[in-house]
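Undergrad:
Protein chains: 2
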Amino acid sequence: MPFSKKTFYPEKNKLLLAVDCVIFGYNEGELKLLVFKREVDPLAGQWSLIGNIVSNEENLNDAAHRILKDITGLEEVFLEQLCSFGDMDRDSGARVVSVVYWSLIQSSKNQGFSIENHEAKWVPFDQVPDLVLDHNQMVETAITKLRDVARYRPIGFELLPEKFTLPQLLKVYEAIYQRPIDDRNFRKKILATGLLIKLDTKDKTTSKKGAFLYKFDSEKYQHLLKSGYWFEV
Amino acid sequence: MPFSKKTFYPEKNKLLLAVDCVIFGYNEGELKLLVFKREVDPLAGQWSLIGNIVSNEENLNDAAHRILKDITGLEEVFLEQLCSFGDMDRDSGARVVSVVYWSLIQSSKNQGFSIENHEAKWVPFDQVPDLVLDHNQMVETAITKLRDVARYRPIGFELLPEKFTLPQLLKVYEAIYQRPIDDRNFRKKILATGLLIKLDTKDKTTSKKGAFLYKFDSEKYQHLLKSGYWFEV
DNA sequence: GCAAAAGTGTTCTCGTTACACCCATGC
DNA sequence: GCATGGGTGTAACGAGAACACTTTTGC
């Protein structure tokens, strides 16, 4: 179902189901949040998360994936349900129950996709503007969740390209936790998981020496998960 | 809004909002789950979680509290949103989006309340029968959450009376994690939090010597939370 | 006096933290 | 040859795990 101004609030006094997405990216050493100029009334023109009504023929996860793909062109990304907001007066237009999803994407990958058809921008996650309705609460919940989950599940990779260097990964975690992390200890811990595959090639864009590229071994991770393994950063 | 057979599915093809509750208790040394004989079609007579439709004039949290109070008579209990299930075909009767809450109560306190008007029973959490729809998934999610949360928030108390002994509390945690916990280490850790108030009285129901009663210092806990404290069991 | 549960301290281990220098390279 | 970021090891510390005996009391 495309994003349509006319059908956004089909009827008053009806219960509507929506999905909103908190989309995190990482760029220029900073954790970023993707926000949009709302296109529909009420509150058109204000900043908001991206979201859409879920049709009667659509499942929640499918709707979340659809929205994310429409916006970023990405399909295989980290996207999970977060929580729901459904108070009766949260949206003045109708009673809308919003199931919130959160996502981690490589913010560079979405260039050239329809993110530019919508008015959208990446903002540093600690400088999020006032968003419509309860969207700022959604963001708060998502950041808390991100920090929580990043401690025991390997998700830093989701914000980087498939091949990345350890200094890059370190900076992602520093961006998430907003504090410096000791590089030697970080290397030890992250390599000790055995979940990184060291490649032969180096990335030389940030130094003359060059830093080795790594890949996340998601196959091994799946195996470990099945045998009860639990990652700890 | 009372639980009514007639109004449960007012219209076909309409979106309905429901709240379902995963209610944990503790009894006879075991973690228990409260399940109910479903009273409405479809699937009437089968075991399910307790839930109800959320009316247009009711917020989600309010609905959850209402349901819990209707069933157990309890108001001031641990009750938090867990997740939502909203796939289009999850309920054959209509499209019902269910926001799931989870709760920890003292299973002894609810005696004499309307839990007996409904056909309900406490079942050991690891012997949950087949429940209707996706309710078994809800329970799974809740147990995972309980174990997760119990590690870093003091919630074992919620399953015990206001005054409890350390051996009792230990048994609660053993029931949650399904493994023996060293009593000396447990005492050290739990007392080190400073969140337990030792009372002068002893509970002599389980031994001749008697065990000192304690109370959870929730006021102190609130203060600690505000100053960024984080409990770890 | 004995059975049954409550209560108590110390050692060992391992993971976390802190910390400073050499390496490779392009210019 | 030097500036820049990449890469490495060790010592100190603290939290968690393992472990066994004494205390109290009702019978």
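So the sequences go chain by chain: A and B.
Take the first sequence: its position 40, counted from the start at 1, is 39 in numbering that gives the first Met the number 0, and no numbers get skipped.
Take the second sequence: its position 194, counted from the start at 1, is 193 in numbering that gives the first Met the number 0, and no numbers get skipped.
Cβ coordinates follow ideal geometry from the N, Cα and C atoms, glycine included.
1. Going by alpha carbons, who is nearest to Asn-26/B out of Glu-57/B, Gly-72/B, Lys-187/B, Gln-167/B?
2. Helix, strand or coil, according to DSSP, for Gly-155/A in the structure here?
3. Residues of chain B with CB closer than 7 Å to the CB of Arg-94/A, please, in chain order.
4. Can the beta-carbon of Tyr-213/B be found less than 8 Å from the beta-carbon of Lys-203/B?
5. To the nearest angstrom, report how far apart Phe-211/B and Glu-75/B are at their CA atoms.
6. If you check the beta carbons only, do Leu-16/A and Val-96/A fall under 8 Å apart?
7. Counting only Cβ-Cβ distances shorter than 7 Å, please list the residues of the stretch 63–90 of chain B near chain A, keeping chain order.
8. Give the residues of chain B in contact with Asn-26/A, contact being defined as C-beta atoms less than 8 Å apart.
9. For Leu-16/B, return the contacting residues in chain A, with the cut-off set at a CB-CB distance below 7 Å.
10. For Arg-37/B, I'd like the list of residues in its chain whose CB is within less than 8 Å of its CB, leaving aside the five on either flank, ordered along the chain.
11. If you compare alpha carbons, which of Gly-28/B, Thr-192/B, Leu-14/B, Gly-193/B is closest to Pro-179/B?
12. Nearest chain B C-beta to Asn-135/A closer than 8 Å, yes or no?
13. For a contact defined as C-beta to C-beta under 9 Å, what are the partners of Asn-184/A on chain B?
14. Taking the C-alpha atoms as reference points, what is the distance between Glu-139/B and Lys-207/A?
15. When you compare the CB of Asn-58/A with every CB in chain B, is at least one pair closer than 8 Å?
16. Does the beta-carbon of Tyr-100/B have 16 or more other beta-carbons within 10 angstroms, so that it is buried, or is it exposed?
17. Tell me whether Lys-187/A is buried or exposed, calling it buried when 16 or more other Cβ atoms sit within 10 Å of its Cβ.
18. Unbroken alpha helix (DSSP H) runs of length 4 or more, entirely within the stretch 135–223 of chain A: which are they?
19. With a threshold of 6 Å on Cβ separation, who are the neighbours of Phe-185/A within its own chain once the five nearest residues in sequence on each side are excluded?
20. Between which two residues does the beta strand (DSSP E) containing Asn-55/A stretch?
21. Please report the distance separating the alpha-carbon of Val-39/B from that of Asp-19/B.
22. Who pairs with Glu-29/B in a beta bridge, going by DSSP?
23. With a CB to CB cut of under 7 Å and the five nearest residues on each side skipped, what residues in its chain are close to Pro-160/B?
24. Reducing DSSP to helix, strand and coil, say where Ile-49/A ends up.
25. Hey, could you find the ends of the beta strand (DSSP E) Val-131/A is sitting in?
26. Can the beta-carbon of Met-87/B be found closer than 8 Å to that of Asn-60/A?
27. On the CB-based measure, 16 or more other CB atoms within 10 Å of its CB, does Lys-225/B come out buried or exposed?
28. Under the DSSP definition of a beta bridge, which residues are partnered with Ile-103/B?
29. Out of curiosity, what's the CA-to-CA distance linking Pro-128/B and Val-171/A?
30. Any idea which residues DSSP pairs Pro-123/A with across the strands?
31. Tell me whether Leu-67/A sits in a helix, a strand or coil according to DSSP, three-state version.
32. According to DSSP, is Ala-17/A part of a helix, a strand, or is it coil?
TA: Looking at the coordinates:
1. Gln-167/B
2. helix
3. The answer, in chain order, is Asn-55.
4. no
5. 25 Å
6. yes
7. Along the stretch 63–90 of chain B, going in chain order, the ones with a CB nearer than 7 Å to a CB of chain A are Gln-80, Cys-82, Ser-83, Gly-85, Asp-86, Met-87.
8. Neighbours of Asn-26/A on chain B: none; closest Cβ ~29 Å, over 8 Å.
9. Leu-14, Gly-85, Val-96
10. Ala-43, Gly-44, Gln-45, Trp-46, Ser-47, Val-131
11. Gly-28/B
12. no
13. Within 9 Å Cβ-Cβ: nothing; Asn-184/A doesn't reach chain B, min ~20 Å.
14. 51 Å
15. yes
16. buried
17. exposed
18. 165–176, 182–191
19. Leu-169
20. Unbroken run through Asn-55/A: none, as it is neither H nor E.
21. 14 Å
22. Asn-26/B
23. Gln-105
24. Strand at Ile-49/A.
25. Looking at the DSSP string, Val-131/A is not in any beta strand (DSSP E), and its letter there is neither H nor E.
26. no
27. Counting Cβ neighbours within 10 Å, Lys-225/B comes out exposed, since fewer than 16 surround it.
28. The sequence given here places Leu at residue 103/B; Ile does not occur at that position. According to the DSSP secondary-structure assignment, Leu-103/B is paired through a beta bridge with Phe-23/B, Phe-77/B.
29. Just so you know, the alpha carbons of Pro-128/B and Val-171/A end up roughly 44 Å apart.
30. Answer is Lys-31/A, bridged to Pro-123/A.
31. helix
32. In the structure shown, Ala-17/A falls within a strand segment according to DSSP collapsed to helix, strand and coil.
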